[in-house]
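See below for the structure under consideration.
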Amino acid sequence: MKKLLPKQVSDRNTKRPLCVLDALVLLILFPAMVFGADFTNIKTDVSGYVKSLNFVTRTSLLTPEFVDRPTAFAKENSNVFNSLERARFQIRTSVPMKNNKRAVLKIDYDHQPYFGTFVSTGDFRTAKKQSEDRQFLDLSQTLVEEDNIFYEHRLYRASLAYESDLFDLEIGRQQIPWGVGHFFTPTDLFNPFNPTQIELEERDGVDAVNFTLKNTKGFKTQLVYTPGGRKLHPQRYLGRISRDVKGYEIGILGGRVKRDHVIGTDLQGNVRGSAVRGEFLFREAELEKDFFKFTVNADYNLPHNIYVLMEYHFNGQGRRDPDDYQIDRFIRGEIQQLGKNFLALSLGYDLTSLIRFEYRTIYNLNDTSLFMRPEIQYELMSNVLLAAGSQLFVGANNDEFGRPKNLFFGEVKYSY
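The numbering used here puts the first residue of the sequence shown at 15, with every later residue one more than the last.
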């Protein structure tokens, strides 16, 4: 039997997730009592899923220590296996109030053990450190950490929302989905996304105060504040205003990220049956050169159930020459891409009503390296999904998509 590690997890950290949850419960009760809640009509919905994700790959040789010691490579490039067994419980408790208002407690709670040799690699430690550094509050606890086993439970999302016809206010760990890109979203300043990650639906949450003023003379206004936390959770003051103009949704955003100033815009709409989108961001940076990023894409549903999306991304923060790639910043999680120009393609085809084929590819136009992800999905039951696929990388060892190693995965997901 595997034992717990009390020396690695203090009593304070052990109690922290429960203390935060208790605080959220108190927060929902206080405004509910002040604004006259109807506690007899409290509604709680419980949903979630159980997932088994398994993959085999090879180590990339990079470790978190590489940032401070460029010679700190892993000892060998070996084959590794990983099995992630996650149970996610999604709880939504709604307390109705007067005048069509309500308070909502939103909790996504995970139990997730990892088994396999991948747990002992620098790649696993790098991914865990990046996730931890994107937090303000530590809402996770490690239960077991031994050779080839890592077991934790965490609050993946935990927030309190006050909702009314005029405005919404949400406080806590949440996803704030700015941006309209499919592979690359430069205006998403809260929940960064790596398009080559295995779990495409997963996003690290942000601890924020999120205020949304609804439909004031056709405008939607959103104001967001995040307190300064760990390295990848800077203090932010950001706002976004959007409006529908002749069938196109246009948004303008701006504000401050730590000591940098940002301004950007996004647009989406339909042109002759095709959805078109674009987003642009300029960042006046304190510790590096000012830069801008933009993404444009279009998708279309072809005959015979074929879906096609093409996207171009310019990354002004990237480099054209692989010798100039900022590997240290990439390992720390400060940047998601190394190169400057990217072209991406997404295809989807329903082979039958239950079987779907999907293909994603990204081409680095500068170093000519290539990422490919073919995947097949089978809906065994209405709430059971089977998936199998691979992530293939083509390029020289110092290219963006040449350094990672090929990966083959299989997944079973039961939703309830």
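We put the CB at the ideal spot given by N, CA and C, even for glycine.
What you are looking at is a predicted structure, and each value in this text was computed from that prediction instead of being measured.
Query raised in the report: Does the Cβ-Cβ distance between Asn412 and Asp337 come in under 9 Å?
Result: Against the sequence shown, residue 412 aligns to sequence position 398. Against the sequence shown, residue 337 aligns to sequence position 323. It is a contact, given that the beta carbons lie within the stated cut-off.
Report task. Quick one: measure Cβ to Cβ for Thr235 and Ile255, integer angstroms, because I've assumed they're closer than 8 Å. Result -> Stepping through the sequence shown from its first residue, residue 235 is reached at position 221. Stepping through the sequence shown from its first residue, residue 255 is reached at position 241. The Cβ separation is near 5 Å, so the contact holds.
Query raised in the report: At what residues does the alpha helix (DSSP H) containing Arg343 begin and finish?
Result: Residue 343 sits at position 329 when you count from the first residue of the sequence shown. Per DSSP, Arg343 belongs to the alpha helix (DSSP H) from Ile341 to Arg346.
Report task. Note down, one range per segment and in chain order, each beta strand (DSSP E) of at least 3 residues found wholly within the segment 260–342. Result -> 262–271, 274–285, 288–298, 305–316 and 320–329
Query raised in the report: When you compare only the Cα positions, how much space is there between Leu76 and Gly136?
Result: As a working note, residue 76 is residue 62 in the sequence shown. As a working note, residue 136 is residue 122 in the sequence shown. Whole-angstrom Cα-Cα distance: 6 Å.
Query - Beta-carbon proximity of Asp218 to Gln149, cut-off 9 Å - result: Within the sequence shown, residue 218 is the residue found at index 204, counting from 1. Within the sequence shown, residue 149 is the residue found at index 135, counting from 1. It is a contact, given that the beta carbons lie within the stated cut-off.
Query raised in the report: Between Gly265 and Asp280, what straight-line distance do the alpha-carbon atoms span, to the nearest angstrom?
Result: Walking along the sequence shown from the start, residue 265 turns up at place 251. Walking along the sequence shown from the start, residue 280 turns up at place 266. Approximately 5 Å between the Cα atoms of the pair.
Query - Where the beta strand (DSSP E) through Ser360 begins and ends - result: Looking up residue 360 in the sequence shown gives position 346. Start and end: Asn355 to Asp364.
**Report entry** Cβ-Cβ distance between Leu67 and Glu393 below 9 Å
**Finding:** Reading the sequence shown from its first residue, position 53 is the one you call residue 67. Reading the sequence shown from its first residue, position 379 is the one you call residue 393. Result no, Cβ atoms of Leu67 and Glu393 do not sit closer than 9 Å.
Query raised in the report: Along the chain, where does the alpha helix (DSSP H) that runs through Gln144 open and close?
Result: Locating residue 144 in the sequence shown gives position 130, counting from the first residue. Gln144 -> alpha helix (DSSP H) spans Gly136 to Asp147.
Query raised in the report: Starting from Phe164 and walking both ways along the beta strand (DSSP E), at which residues does that stretch end?
Result: Residue 164 sits at position 150 when you count from the first residue of the sequence shown. Phe164 -> beta strand (DSSP E) spans Ile163 to Glu177.
Query raised in the report: Counting along the chain, where does the beta strand (DSSP E) carrying Arg374 start and finish?
Result: For this step, residue 374 is matched to residue 360 along the sequence shown. Arg374 -> beta strand (DSSP E) spans Ile369 to Asn378.
Requested in this report: Classify Pro78 as helix, strand or coil using the three-state DSSP reduction.
Outcome: Counted from its first residue, the sequence shown places residue 78 at position 64. Pro78: helix per DSSP, three-state reduction.
Query raised in the report: Using the C-alpha atoms, what's the distance from Tyr326 back to Gln351?
Result: Within the sequence shown, residue 351 is the residue found at index 337, counting from 1. Within the sequence shown, residue 326 is the residue found at index 312, counting from 1. Going from the Cα of Gln351 to the Cα of Tyr326 covers about 14 Å.
Query raised in the report: Would DSSP call Asn224 helix, strand or coil?
Result: Here the question's residue 224 lines up with position 210 in the sequence shown. Reduced to three states, the DSSP call for Asn224 is strand.
Query raised in the report: Per DSSP, what kind of secondary structure is Thr73 in: helix, strand or coil?
Result: The residue labelled residue 73 in the question sits at position 59 within the sequence shown. Coil.
**Report entry** Own chain residues within Cβ distance below 8 Å of Ala289, not counting five before or after
**Finding:** Sequence index remark: in the sequence shown, residue 289 carries index 275 (1-based). Answer for Ala289: Gln282, Gly283, Ala312, Asp313 and Tyr314, listed in chain order.
Query raised in the report: By the 10 Å Cβ neighbour count, where 16 or more other Cβ atoms means buried, how is Asn93 classified, buried or exposed?
Result: Here the question's residue 93 lines up with position 79 in the sequence shown. Exposed, by the Cβ-count rule.
Query raised in the report: Per the contact definition of three or more C-beta pairs closer than 8 Å, is the segment 111–124 in contact with the segment 170–185?
Result: yes
Query raised in the report: CB-CB under 6 Å to Gln144, same chain, minus the five flanking residues each way: which ones, in chain order?
Result: Counting from 1 along the sequence shown, the entry for residue 144 is found at position 130. Closer than 6 Å at Cβ, skipping near neighbours: Gly347.
Report task. Flag this pair as yes or no: are the beta carbons of Phe308 and Phe328 separated by less than 9 Å? Result -> Counting from 1 along the sequence shown, the entry for residue 308 is found at position 294. Counting from 1 along the sequence shown, the entry for residue 328 is found at position 314. Yes; because the gap between Cβ atoms is below 9 Å, this pair is in contact.
Report task. Measure the alpha-carbon distance for Leu151 versus Tyr239 and round it to whole angstroms. Result -> As a position in the sequence shown, residue 151 is number 137, starting the count at 1. As a position in the sequence shown, residue 239 is number 225, starting the count at 1. So the alpha carbons of these two residues sit roughly 15 Å apart.
**Report entry** Close beta carbons around Arg291, own chain, < 6 Å, minus the five adjacent residues each side
**Finding:** Residue numbering aside, residue 291 sits at position 277 when the sequence shown is read from its first letter. Excluding residues within five positions, the ones whose Cβ falls inside 6 Å are Val194, Gln282 and Asn311.
Requested in this report: Measure the C-alpha to C-alpha separation of Asp274 and Gly186 and round it to an integer number of angstroms.
Outcome: On the sequence shown, position 260 is the one that residue 274 refers to. On the sequence shown, position 172 is the one that residue 186 refers to. The straight-line gap from Cα to Cα measures roughly 24 Å.
Query raised in the report: From Ile56 to Thr107, what distance separates their C-alpha atoms?
Result: Here the question's residue 56 lines up with position 42 in the sequence shown. Here the question's residue 107 lines up with position 93 in the sequence shown. Approximately 7 Å, taken between the alpha carbons.
Query raised in the report: Once you ignore the five residues that flank Arg168 on each side, which residues in its own chain have a CB closer than 8 Å to its CB?
Result: Counted from its first residue, the sequence shown places residue 168 at position 154. Correct list, in chain order: Pro31, Tyr123, Asp124, Gln126, Leu153, Ser154 and Gln155.
**Report entry** Pair within 9 Å by beta-carbon distance, Val408 and Phe423
**Finding:** Locating residue 408 in the sequence shown gives position 394, where the first residue counts as 1. Locating residue 423 in the sequence shown gives position 409, where the first residue counts as 1. In this structure, Phe423 does not lie closer than 9 Å to Val408 by Cβ.
Requested in this report: Could you give the DSSP three-state label for Asn68: helix, strand or coil?
Outcome: Numbered from 1 along the sequence shown, position 54 holds the residue referred to as residue 68. The answer is strand: DSSP assigns Asn68 an E or B state.
Requested in this report: Using three-state DSSP, classify Val23 as helix, strand or coil.
Outcome: The count along the sequence shown starts at 1 and reaches residue 23 at position 9. Reliability fails at Val23, whose pLDDT of 41 lies under 50, so the model's placement of it is uncertain and no value is given.
Query raised in the report: Cβ atoms of Gly403 and Arg387: under 9 Å apart, would you say?
Result: Mapped onto the sequence shown, residue 387 falls at position 373. Mapped onto the sequence shown, residue 403 falls at position 389. Result yes, Cβ atoms of Arg387 and Gly403 sit closer than 9 Å.
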